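**Student:** Handing you this structure, nothing more for now.
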Amino acid sequence: MTALAASHPIAVIGAGTMGAGIVQVAATAGHEVYLFDTAADAIDRGIAQIEKITARSVEKGRLDAATRDEILGRIHRATALEDLAPAKLVIEAIVENLDIKRSVFGKLEDILAEDAILASNTSSISITEIAATLKRPERMVGMHFFNPAPIMKLVEIIKGLATDAEVAETTFDTAVAWGKKAVHAKSTPGFIVNRVARPFYAEALRILQEGGADIPTIDGCLREAGGFRMGPFELMDLIGNDINFSVTQSVYNAYYQDSRYRPSLIQQEQVAAGRFGRKSGQGYYDYREGAAPVAP
Ligand code: NAI
Numbered sequence: 059m060t061a062l063a064a065s066h067p068i069a070v071i072g073a074g075t076m077g078a079g080i081v082q083v084a085a086t087a088g089h090e091v092y093l094f095d096t097a098a099d100a101i102d103r104g105i106a107q108i109e110k111i112t113a114r115s116v117e118k119g120r121l122d123a124a125t126r127d128e129i130l131g132r133i134h135r136a137t138a139l140e141d142l143a144p145a146k147l148v149i150e151a152i153v154e155n156l157d158i159k160r161s162v163f164g165k166l167e168d169i170l171a172e173d174a175i176l177a178s179n180t181s182s183i184s185i186t187e188i189a190a191t192l193k194r195p196e197r198m199v200g201m202h203f204f205n206p207a208p209i210m211k212l213v214e215i216i217k218g219l220a221t222d223a224e225v226a227e228t229t230f231d232t233a234v235a236w237g238k239k240a241v242h243a244k245s246t247p248g249f250i251v252n253r254v255a256r257p258f259y260a261e262a263l264r265i266l267q268e269g270g271a272d273i274p275t276i277d278g279c280l281r282e283a284g285g286f287r288m289g290p291f292e293l294m295d296l297i298g299n300d301i302n303f304s305v306t307q308s309v310y311n312a313y314y315q316d317s318r319y320r321p322s323l324i325q326q327e328q329v330a331a332g333r334f335g336r337k338s339g340q341g342y343y344d345y346r347e348g349a350a351p352v353a354p
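Numbering (this note's numbering), first residue to last: 59 to 354.
And the structure:
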């Protein structure tokens with residue numbers, strides 16, 4: 059099986075942090091891309107983000123202006139799920155919630171062509187479980203990008219119990235055609251990276267709760283001595299504390315409340331306060347205008 063040709067339209071559902079990035083990746087690879095979100099202003103923000111990032115690439119000489127115009131010209135606003143009908147691959151990047159994801163895919167089944175691939179960018183929810191209520195669960199697969207999607211190379215391709223091998227291969231090859239490093243994984247809680255990363259966040263939060271060190275010190279140590287690009291708190295603020303908290307809860311519950319994955323009360327408080335990180339202007343650091351500079 060080969061990658062989907064650039065002539066095949068792609069659809070992305072959810073225009074937030076991940077959806078907008080995935081749209082940029084697919085449009086850059088030459089596909090017509092339809093973007094749907096239940097919040098119309100989220101689509102505007104998502105497209106504005108792509109315009110800003112690609113404008114910066116032109117300024118820095120990494121992209122020519124004509125190519126940028128072509129990329130932006132391939133991105134289309136969808137006002138209803140029905141507008142996604144021409145898509146051969148739909149990538150869902152909405153809230154990390156099983157019931158909502160199932161409901162969206164259930165509606166899509168009746169809208170898309172029989173051979174269209176249904177992919178979820180979920181960080182932690184079982185692909186087997188999302189697919190279980192579909193009429194044709196074999197065409198559902200996980201296509202898990204990392205944040206920021208246009209920059210991060212890795213894409214985990216997740217096979218649920220029912221996923222057709224050809225569907226997984228086509229999705230894998232398509233990610234590779236988009237310039238990504240794709241890996242196969244089975245549908246286990248958190249897959250590969252999010253599973254291994256759980257203790258990275260959890261132990262940092264425990265040190266903070268015990269008063270062992272403050273946030274910039276913990277982040278600085280991991281960056282300077284651990285060789286990580288970002289410390290755990292910087293990374294949680296980039297990912298979004300709401301999303302990160304949902305992922306931890308999902309992995310914790312999937313492993314029958316194994317204490318290794320227990321969610322942090324500090325993170326729960328951040329989410330309750332709406333301090334989601336960069337996207338809300340405040341998280342472990344303050345990103346609002348005029349605030350003290352955020353850790354390097
Ligand atoms: P986000 O909160 O930035 O954006 C989610 C978007 O989905 C919002 O614009 C919202 O209006 C929209 N939405 C919610 N329900 C919808 C529905 N029923 N139909 C259409 N649109 C709907 O979330 P983010 O961070 O982009 O995450 C999305 C998904 O990607 C989640 O499953 C998350 O676990 C996963 N993910 C997140 C990563 C991250 O670093 N933030 C990394 C990799 C995966």
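Where a beta carbon is used, it is the ideal one built from N, C-alpha and C, also for glycine.
Here the structure is a predicted model, which is why all the values come from computation and not from measurement.
Within the chosen definition, does the stretch 79 to 88 reach the stretch 231 to 241 through at least 3 CB pairs nearer than 8 Å?
**Tutor:** Contact holds: three or more Cβ-Cβ distances are below 8 Å.
**Student:** Taking Cβ to Cβ, would you say H202 is nearer than 8 Å to A226?
**Tutor:** For this step, residue 202 is matched to residue 144 along the sequence shown. For this step, residue 226 is matched to residue 168 along the sequence shown. Contact: no.
**Student:** Return yes when the Cβ of L62 is within less than 8 Å of the Cβ of T246, no when it is not.
**Tutor:** The sequence position of residue 246 within the sequence shown is 188, counting from 1. The sequence position of residue 62 within the sequence shown is 4, counting from 1. It is not a contact, given that the beta carbons lie outside the stated cut-off.
**Student:** Between which two residues does the beta strand (DSSP E) containing F94 stretch?
**Tutor:** Counting from 1 along the sequence shown, the entry for residue 94 is found at position 36. That run of the beta strand (DSSP E) goes 91 to 94.
**Student:** Which term fits P208, buried or exposed, when burial requires 16 or more other beta carbons within 10 angstroms of its beta carbon?
**Tutor:** What you label residue 208 is simply residue 150 of the sequence shown in a count that begins at 1. So P208 ends up on the buried side.
**Student:** Taking 8 Å as the cut-off, does the stretch 134 to 148 touch the stretch 167 to 182 (at least 3 CB pairs, one atom from each stretch)?
**Tutor:** Enough Cβ pairs lie closer than 8 Å, so yes.
**Student:** Is Q307 helix, strand or coil by DSSP?
**Tutor:** Stepping through the sequence shown from its first residue, residue 307 is reached at position 249. Here Q307 sits in helix by DSSP.
**Student:** Under three-state DSSP, which class holds Q315?
**Tutor:** Taking the first residue of the sequence shown as 1, we reach residue 315 at position 257. It is coil, neither helix nor strand.
**Student:** Check whether the Cβ atoms of Q328 and N299 sit closer than 8 Å, and answer yes or no.
**Tutor:** Translated into the one-based positions of the sequence shown, residue 328 becomes position 270. Translated into the one-based positions of the sequence shown, residue 299 becomes position 241. Yes, they are a contact pair.
**Student:** Assign K211 to one of three DSSP states: helix, strand, or coil.
**Tutor:** Counted from its first residue, the sequence shown places residue 211 at position 153. Residue state, collapsed to three classes: coil.
**Student:** Flag this pair as yes or no: are the beta carbons of I152 and I265 separated by less than 8 Å?
**Tutor:** As a working mapping, residue 152 is identified with position 94 in the sequence shown. As a working mapping, residue 265 is identified with position 207 in the sequence shown. It is not a contact, given that the beta carbons lie outside the stated cut-off.
**Student:** Grab me the residues of I158's own chain with a C-beta within less than 8 Å of its C-beta, minus the 5 sequence neighbours each way, in chain order.
**Tutor:** Stepping through the sequence shown from its first residue, residue 158 is reached at position 100. Only I152 meet the Cβ criterion.
**Student:** For R345 and V199, what's the separation of their Cα atoms in angstroms?
**Tutor:** Here residue 345 refers to the residue found at position 287 of the sequence shown. Here residue 199 refers to the residue found at position 141 of the sequence shown. Reading off the sequence shown, one finds Tyr at residue 345, where the question assumed Arg. For Y345 and V199, the distance between alpha carbons rounds to 36 Å.
**Student:** Which whole-angstrom value describes the C-beta separation of H89 and R135, a residue pair presumed to lie in contact below a C-beta threshold of 8 Å?
**Tutor:** Taking the first residue of the sequence shown as position 1, residue 89 is located at position 31. Taking the first residue of the sequence shown as position 1, residue 135 is located at position 77. Contact doesn't hold; Cβ gap of about 16 Å is too wide.
**Student:** Starting from the N-terminal side, write out each stretch of the alpha helix (DSSP H) that is 4 residues or longer and does not extend beyond the stretch 98 to 186.
**Tutor:** Runs found: 98 to 117, 123 to 131, 156 to 169.
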